């Protein structure tokens, strides 16, 4: 098949990576069997055409363009896709994110008589005014997403949690749970014995503590929707019960100074380390070194970090968003914003090593069966192939 994938950003040699790794993994997998063209609307910053693992990337370089320039962005993207389609027709258009990419993909499908797929990959159907998060807060985003979901031949979501939200906007026959896959060749358990596994002290070149610590890992951008404020409140509760606990936060963002101040005010500074950004290919070392992975988000469409941690054999606890409710025992999934409930789930896991081991084993088996890239890639191809050609 000749596929046109439309995204807000994508990987580019010599420039910051503007695509989530799971997206580049999906493109790489599709390009092994199909002719893939990626039309990236905003990033990288330059206009360019280049190759990526067998795919052709068409970068429009619109950056943060808004207002009237946003209309020009959408018009120019559609024009470029139509020109490439005239050169050699596409079989299908796929918008990854439902706002701008979904609008472009579904519009191209309608104009050119081809099926279109739209994937809800973020907060397009969410609105949290108190933190300024979600597509529903923008009138233009609401309109773009609404048009995309109405026009698309098929709509995909990465979790049953998001399917429940999307069901109010998309008919059941067009709505599919089809997650982005995790690379289980990269994210896999420690192959050494527990005695020789790498530790956080080796990763950070710090001296080990006098007493063995229980290491909790959190990987996320430091932003309001990830709710690290509740994460630190939880840490303070747990540290009172388990002084050996230590929280490792991997990621960067505008909230780091305020979060560090909060940890100090809670008397928890000695129990937390901010590691900053860690290269994607280095993350498996952190997951393997952790005794528990913790998610505190107010919203996740899927949560790749949970899948990565689980694929590495790390037990997980967290809020009832994304894939967590379908992946974990209910006792490890708590309401959003409830530090006491999250602390209780952590306490139960710290106190029961056998339960942690069993949970990690069962969750990893579920990831391999339903979320591994070598499963989700073929499932996406089957969805493509099942759509009738020539839809208008």
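In the working numbering, the protein residues as written are 4 to 395.
Glycine included, C-beta positions come from ideal geometry on N, C-alpha and C.
Here the structure is a predicted model, which is why all the values come from computation and not from measurement.
**Request:** For the beta strand (DSSP E) holding residue 53, just list the boundary residues, first then last.
**Result:** Working through the chain shown from its first residue, we reach residue 53 at position 50. It spans 51 to 55 - the beta strand (DSSP E) in which residue 53 sits, taken as one unbroken run.
**Asked** For residue 163, does the count of other Cβ atoms within 10 angstroms reach 16, so buried, or fall short, so exposed?
**Response** Working through the chain shown from its first residue, we reach residue 163 at position 160. Exposed, by the Cβ-count rule.
**Asked** Taking the alpha-carbon positions, what's the residue 114 to residue 350 distance?
**Response** Numbered from its first residue, the chain shown carries residue 114 at position 111. Numbered from its first residue, the chain shown carries residue 350 at position 347. Those two C-alpha atoms are separated by around 56 Å.
**Prompt:** Do the segment 147 to 158 and the segment 104 to 121 make contact, defined as three or more Cβ pairs closer than 8 Å?
**Reply:** yes
**Message:** Which runs of the beta strand (DSSP E) at least 3 residues long sit entirely within the segment 69 to 101? Give them in chain order.
**Reply:** Listed in chain order, the complete beta strand (DSSP E) runs (minimum 3 residues) inside the segment 69 to 101 are 95 to 99.
**Where residue 206 falls: helix, strand or coil (DSSP)** = Taking the chain shown and counting its residues from 1, the one referred to as residue 206 is at position 203. Helix at residue 206.
**Message:** Between 56, 340, 193, which has its C-alpha nearest residue 38's C-alpha?
**Reply:** Position 35 of the chain shown holds residue 38. Closest by alpha carbon: 56.
**Prompt:** What residues are listed by DSSP as bridge partners for residue 119?
**Reply:** Counting from one through the chain shown, the residue named residue 119 turns up at place 116. Note: residue 119 sits in a beta bridge opposite 96.
**Prompt:** Exposed or buried, residue 144, counting other C-beta atoms within 10 Å across all chains shown (16 or more means buried)?
**Reply:** On the chain shown, position 141 is the one that residue 144 refers to. By the 10 Å Cβ count, residue 144 comes out buried.
**Asked** So, helix, strand or coil for residue 190, using DSSP?
**Response** Position 187 of the chain shown, counted from the first residue, corresponds to residue 190. It is coil, neither helix nor strand.
**Cβ pair residue 46, residue 66 closer than 8 Å** = Taking the chain shown and counting its residues from 1, the one referred to as residue 46 is at position 43. Taking the chain shown and counting its residues from 1, the one referred to as residue 66 is at position 63. The answer is yes: Cβ separation under 8 Å.
**Item:** Under the three-state DSSP convention, the category residue 389 falls into
**Value:** Here the question's residue 389 lines up with position 386 in the chain shown. The DSSP-derived three-state label of residue 389 is helix.
**Prompt:** If you draw a straight line from the C-alpha of residue 189 to the C-alpha of residue 86, how long is it?
**Reply:** The residue labelled residue 189 in the question sits at position 186 within the chain shown. The residue labelled residue 86 in the question sits at position 83 within the chain shown. In a straight line, the C-alpha of residue 189 is about 38 Å away from that of residue 86.
**Prompt:** From residue 59 to residue 23, what does the alpha carbon distance come to, in whole angstroms?
**Reply:** Taking the first residue of the chain shown as position 1, residue 59 is located at position 56. Taking the first residue of the chain shown as position 1, residue 23 is located at position 20. Residue 59 and residue 23: Cα-Cα distance of roughly 18 Å.
**Asked** So, using beta-carbon positions, are residue 30 and residue 61 closer together than 8 Å?
**Response** In the chain shown, residue 30 corresponds to position 27, counting from 1. In the chain shown, residue 61 corresponds to position 58, counting from 1. Cβ distance not < 8 Å, so residue 30 and residue 61 don't count as in contact.
**Message:** Below 8 Å on the Cβ atoms is my contact criterion, and I expect residue 366 with residue 313 to pass it. Report the Cβ-Cβ distance as a whole number of Å.
**Reply:** One-based indexing of the chain shown puts residue 366 at position 363. One-based indexing of the chain shown puts residue 313 at position 310. Sure, about 5 Å apart at Cβ, within 8 Å.
**Prompt:** What is the DSSP secondary structure of residue 9, reduced to helix, strand or coil?
**Reply:** Residue 9 sits at position 6 when you count from the first residue of the chain shown. Correct three-state label for residue 9: strand.
**Prompt:** Would residue 10 pass as a contact of residue 26 if the rule is Cβ separation under 8 Å?
**Reply:** As a working mapping, residue 10 is identified with position 7 in the chain shown. As a working mapping, residue 26 is identified with position 23 in the chain shown. Their beta carbons are under 8 Å apart, which means residue 10 touches residue 26 by this criterion.
**For residue 187 and residue 28, the rounded distance between their alpha carbons** = Counting from one through the chain shown, the residue named residue 28 turns up at place 25. Counting from one through the chain shown, the residue named residue 187 turns up at place 184. Near 11 Å, if we compare the C-alpha coordinates of residue 187 and residue 28.
**Request:** Just grab the DSSP bridge partners of residue 375 for me.
**Result:** On the chain shown, residue 375 is found 372 positions in, with the first residue counted as 1. Answer is 185, bridged to residue 375.
**Request:** State whether the segment 340 to 356 contacts the segment 383 to 390, with contact taken as three or more CB pairs (one from each stretch) at a distance under 8 Å.
**Result:** Judged by Cβ distances under 8 Å, the segment 340 to 356 makes no contact with the segment 383 to 390, as fewer than three pairs qualify.
**Proximity winner among 97, 336, 131, relative to residue 390 (alpha-carbon distances)** = Residue 390 sits at position 387 when you count from the first residue of the chain shown. Out of 97, 336, 131, 97 has the C-alpha closest to the C-alpha of residue 390.
**Request:** Sort out for me which residues DSSP pairs residue 136 with in a bridge.
**Result:** Taking the first residue of the chain shown as position 1, residue 136 is located at position 133. According to DSSP, which records beta bridges pairwise, residue 136 is partnered with 131.
**Request:** Kindly give me the distance between the Cβ atoms of residue 177 and residue 158, rounded to whole angstroms, as I take these residues to be in contact under 8 Å.
**Result:** In the chain shown, residue 177 corresponds to position 174, counting from 1. In the chain shown, residue 158 corresponds to position 155, counting from 1. Sure, about 6 Å apart at Cβ, within 8 Å.
**Request:** In the DSSP assignment, find the unbroken beta strand (DSSP E) run with residue 321 in it and report its ends.
**Result:** Start at 1 with the first residue of the chain shown, and residue 321 comes out as number 318. It spans 319 to 322 - the beta strand (DSSP E) in which residue 321 sits, taken as one unbroken run.
**Message:** Less than 6 Å between C-beta atoms, sequence neighbours within five positions excluded: which residues of the same chain meet that for residue 53?
**Reply:** For the purposes of this step, residue 53 is identified with residue 50 of the chain shown, where counting begins at 1. Taken in chain order, the residues that qualify are 60.
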